[in-house]
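4 protein chains.
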Amino acid sequence: MIIVIQCKDQVGLVASISAILAQHQLNIVSMREHVDKPENLFFMRLEVEDGDGSELEKTLAEVLPAGAIISVNPIPHKKVVVLVTKEYHCLADILIRNYFNTLGATVQCVIGNHTTLQNICERFDMPFYHLSHEQISKAELEQQISDVIDQYAPDYIVLAKFMRILSPAFVAKFPMRIINIHHSFLPAFIGANPYKQAFERGVKLIGATAHFVSNELDEGPIIAQQIIPVNHSFTAATMVKAGQEIETAVLANALKLLFEDRVFVYKNKTVVFG
Amino acid sequence: MIIVIQCKDQVGLVASISAILAQHQLNIVSMREHVDKPENLFFMRLEVEDGDGSELEKTLAEVLPAGAIISVNPIPHKKVVVLVTKEYHCLADILIRNYFNTLGATVQCVIGNHTTLQNICERFDMPFYHLSHEQISKAELEQQISDVIDQYAPDYIVLAKFMRILSPAFVAKFPMRIINIHHSFLPAFIGANPYKQAFERGVKLIGATAHFVSNELDEGPIIAQQIIPVNHSFTAATMVKAGQEIETAVLANALKLLFEDRVFVYKNKTVVFG
Amino acid sequence: MIIVIQCKDQVGLVASISAILAQHQLNIVSMREHVDKPENLFFMRLEVEDGDGSELEKTLAEVLPAGAIISVNPIPHKKVVVLVTKEYHCLADILIRNYFNTLGATVQCVIGNHTTLQNICERFDMPFYHLSHEQISKAELEQQISDVIDQYAPDYIVLAKFMRILSPAFVAKFPMRIINIHHSFLPAFIGANPYKQAFERGVKLIGATAHFVSNELDEGPIIAQQIIPVNHSFTAATMVKAGQEIETAVLANALKLLFEDRVFVYKNKTVVFG
Amino acid sequence: MIIVIQCKDQVGLVASISAILAQHQLNIVSMREHVDKPENLFFMRLEVEDGDGSELEKTLAEVLPAGAIISVNPIPHKKVVVLVTKEYHCLADILIRNYFNTLGATVQCVIGNHTTLQNICERFDMPFYHLSHEQISKAELEQQISDVIDQYAPDYIVLAKFMRILSPAFVAKFPMRIINIHHSFLPAFIGANPYKQAFERGVKLIGATAHFVSNELDEGPIIAQQIIPVNHSFTAATMVKAGQEIETAVLANALKLLFEDRVFVYKNKTVVFG
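Taken in sequence, the protein lines are chains A, B, C and D.
If you read the first sequence in UniProt numbering, its first letter stands for residue 1, the second for the next number, and so on.
If you read the second sequence in UniProt numbering, its first letter stands for residue 1, the second for the next number, and so on.
If you read the third sequence in UniProt numbering, its first letter stands for residue 1, the second for the next number, and so on.
If you read the fourth sequence in UniProt numbering, its first letter stands for residue 1, the second for the next number, and so on.
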């Protein structure tokens, strides 16, 4: 059983929480905690041996500071909707893990603004919605996307190389529930064509960043980042190819962390108990 | 203030420990714990805000299982003796950190079975003992080394590329207090000339391992390991050079972890709260 | 156009080769060469702009030492047969790349000694042969495997987590054409259950190795290796999961290098122009 | 013997160059070449067995395009001057390598705008010049620095955590001869306090960049970059400490590449034959 807690810090929090667990005869398998001193915030993730957690949320709320976010046994198998454009690598990785039940979540459907990835979805009996951005306004497209999403009531929306910028209005509907994979080591190379920018700057490493989507372009809280070395023999095109491998790995890692309830968000940052 | 605890696991340990801290008005800055289920062992490292820890060890012992190892405020600045042969890289790194007070420990003296590194020690006003292995027995050499060590009563003995194998009798005098840097990714390439072995095997990565010395050659508990990529253009000699960089980094990292009381040893393993 | 050359080393080889290319008006895009001095061997990989290479092999043979291995425009799209047991991760990655034409080779069929992975193959219209190892001898099983392979005349056979040891007789049929992914950082943890071995040894890094299969178990020439950090919080089981990610990545990388004609084998080693 | 060549690309360059080497009976030990197609530029680095190179530069110039930069046996042991402020880690690493003759260059003197690092220099008998930036103009300070540098006629000037921005006029005196270590993964976090910026952005990796100094702040050609993972438990202060390790390693690596004549500069980029 997983328990996650986020609240104001105060002396004795760990004692109060662990005393309640002991009262409930719940044995702690692993405990991770973090205090952000300047912000006076307390974060905890517990794994306890299975037992009766029915009253736990209420009992914990009684001893924790007002406003505490407590989740006992959070949704064990999240539902996700995936948005794509043309690139297959992140989507295919997600579909494979979903198919073999190792994603830690269930993909409900895939929405693409091109049809390129329709066939791979069909091979996995995965509903695919083609919602073209052509000849309609951004607001209309987002309304269509939103309508499809609402049918499935997903916990998270994954932008698996979805190459259109979402409006603040759309993002506001799903606060800290949209995850994007950006093809650079943020905050370097924000925006379009990061590999082209990286190539022109002559960097010796390229990277990828998985982050929550906020209203600022590529500025949301970062969940995971990774890099690979490059050199003069790379063109912008071969950087793209090499980068795809790292994008796939970083997004897979970020989703794993998220689906295991290891990611806490506050201000524009994350606490990740990896 | 640092508190480290190692004991048998049982339900309610965290509650008991944190309750005592709360009673003492000691605020937890960071808490790391690990339970080895199969071995039924509990490990904890706490950083608490400064306060009165004088009675803490006794109070904790009362609530913890019999045989618990409890250390409140362990020796804050360990004393170390360094053993070397001819290679300078690990020793020089240690001397520099010692000189600038960033080692987290104080080097008491250096013992070398060659004089190669005498001058660099002298430049840092560091006592250097030349104890040659020539024309004396291993037992005699180890007695001489032991005599010098005993003058300084160090907490740890660091083998910073000391190229002689110590006898079980010597090792037994300093159980889990001797740290070695082995120039391979253990358990690959145990023993002499690991780079030559690595070269002949045609590996694509080489590594280094910092470990406690036990009676089995290169078989003690591992503290830290790291690798670097190599390829066909490396000779055994250039592998040695590349390896020295990683040996220096791994040993420095292992010592930092050790001196900050982040390393627990049990069976032939370590728990490292890095 | 790719040109690969492997021969005895002698003065003037580069001059002779590049003179011939210049005569043929073939512009060198990239050139990689390596000389193994102790073995007196010369290795070269050239990418030249497209042109007439029809006479090139013959012309080069005239100026190179006797016994030179020269390949102008080697099979541009290799054929491969994949052998599996139950684990999906390496196979799925290969099937996805094959489906999207980014593998650099064409998978002809998959052979499994269990049916676990039959369905995923069918979803990609990939022929799957179930050849059980039960109730038949190793020799019989290998004969059956060999018969299927022979139907497809593949350039390479990929053991994508095929968990049975092949006999020397089988291996001898496909010299340096069978690639295996071993789930450890060779030469550490040869043989079965490497993650269990790694867990018990308490290592701080685990790895994977892609290598050619020779008659010695896990002793063939290494193509690629990679590692990931682990710590005390890992069990043997979670090491397996973490390891699967790195196995997938290492095998994919090794196959890419192989299919792009970047791998040369000699003695028990490889030259890899990555 | 090392030979480096940088010139316009044209068909037959490798043939011409290697033919001349063969005529001189110079055996090629290793050859690295790169062509930047869009820029039509050719780069080559050769290691040849020792022989008579006296006429080589002239002979090569005859067959290479006009304007070719040819260097046969470039200065084998470069002279460097090091500029520092207060942080010791990069300087100490350089002094140690210099002392043990493994730097690949000779440090002539150290210039500091504080006296913090004077003592460590004296311990290595290294001339130290204290040139304070206080109570004088930037132009005056730079004139003083320039005067000291001119006494030693160094090949390169290394900014080993020199925390003052040099004027375009100063930089122009030493074009592509000043190397800086910047404490971030450029182009992220240009300018002051990159670790503070990184902390506030909540990144999961921090890095360091060694680059040539040009007139744009932190915008010169990059030689080497490296990163290390960080997480929520880091403060800006502990990021600084962790970063220092990587700064030391990246600068050491960049200098090694530079001193072995493996770095070519063009436009705002480098070709590095590592």
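Note that beta-carbon positions come from the ideal geometry of N, C-alpha and C, so glycine has one too.
Chain B contact for residue i (CB, 8 Å cutoff)
i	result
Gln25 (chain A)	yes
His183 (chain C)	no
Phe199 (chain D)	no
Ala210 (chain A)	no
Ala192 (chain C)	no
Gln225 (chain C)	yes
Ile222 (chain C)	yes
Pro74 (chain C)	no
Reference residue i, options the options, closest by Cα
i	options	result
Ser184 (chain A)	D:Tyr129, D:Val240, D:Pro187	D:Pro187
Ala66 (chain B)	B:Leu205, B:Leu95, B:Asn101, B:Asp9	B:Asp9
Asn113 (chain B)	B:Gln144, B:Asn98, B:Val213, B:Val48	B:Gln144
Asn119 (chain D)	D:Glu87, D:Gly104, D:Leu141	D:Glu87
Arg123 (chain A)	A:Leu131, A:Gln135, A:His133, A:Val110	A:Val110
Ser18 (chain B)	B:Leu60, B:Asp155, B:Ile228	B:Leu60
Asp171 (chain D)	D:Ala192, D:Tyr195, D:Phe212	Correcting the residue type first, residue 171 (chain D) is Val in the shown sequence and not Asp. Among D:Ala192, D:Tyr195, D:Phe212, the Cα nearest to that of Val171 (chain D) is on D:Phe212.
Lys241 (chain B)	D:Asn253, D:Asp155, D:Thr115	D:Asn253
Asp93 (chain C)	A:Thr248, A:Leu257, A:Asp261	A:Thr248
Gly243 (chain B)	B:Ser137, B:Phe174, B:Ile228, B:Leu255	B:Ile228
Val4 (chain D)	D:Leu103, D:Ser30, D:Gly12, D:Arg97	D:Ser30
Pro127 (chain B)	B:Lys161, B:Ile136, B:Leu117, B:Asn180	B:Leu117
Phe264 (chain C)	C:Ala236, C:Glu245, C:Ile223	C:Ile223
residue 275 (chain C)	A:His89, A:Val107, A:Ser137	Summary: the structure shown does not reach residue 275 (chain C), with chain C confined to residues 1 through 274, and so no result is reported for it.
Met163 (chain B)	B:Glu47, B:Asn180, B:Lys79	B:Asn180
Exposure label - residue i; buried when at least 16 CB within 10 Å
i	result
Thr209 (chain D)	buried
Gln226 (chain A)	buried
Leu217 (chain C)	exposed
Ala153 (chain D)	exposed
Thr270 (chain C)	buried
Glu140 (chain D)	exposed
Asp155 (chain A)	buried
Gly220 (chain A)	buried
Gly51 (chain D)	exposed
Gln108 (chain B)	buried
Gln25 (chain C)	exposed
Min CB distance residue i to chain A below 8 Å
i	result
Gly53 (chain B)	no
Arg128 (chain C)	It is Phe, not Arg, that sits at residue 128 (chain C) in the sequence shown. Closer than 8 Å: no.
Ala15 (chain B)	yes
Proximity test, Cβ basis, 8 Å: residue i and chain C
i	result
Tyr152 (chain A)	no
Met31 (chain D)	yes
Ile157 (chain B)	no
Gly202 (chain B)	yes
Cutoff 8 Å: residue i Cβ touching any chain D Cβ
i	result
Gly207 (chain C)	no
Ser18 (chain C)	yes
Within chain G, partners of residue i - CB distance below 7 Å
i	result
Gly12 (chain C)	Of the chains in the structure shown, none is chain G; the protein chains are A, B, C and D.
Interface partners of residue i on chain B, CB under 8 Å
i	result
Arg123 (chain D)	Arg123, Phe124
Val272 (chain A)	What Val272 (chain A) touches in chain B: nothing, since even the nearest Cβ is about 15 Å away.
Chain C contact residues for residue i, given Cβ-Cβ distances below 8 Å
i	result
Val35 (chain D)	Ile28, Val29, Ser30
Beta-carbon neighbours of residue i, restricted to chain B and to distances below 9 Å
i	result
Asn268 (chain C)	Glu200, Arg201, Gly202
Where residue i meets chain A, residues with beta-carbon distance less than 9 Å
i	result
Ile145 (chain D)	None at all; the shortest Cβ gap to chain A is about 28 Å.
Neighbour list for residue i in chain D, Cβ cutoff strictly below 7 Å
i	result
Pro187 (chain A)	Ala188, Arg201
Original post:
Just by C-beta distance, which residues in the segment 231-263 of chain A are closer than 8 Å to chain D?
Top reply: Asn231, His232, Ser233
**OP:** Give, in chain order, every residue of the segment 84-118 of chain C whose Cβ lies closer than 7 Å to some Cβ of chain D.
**Re:** none
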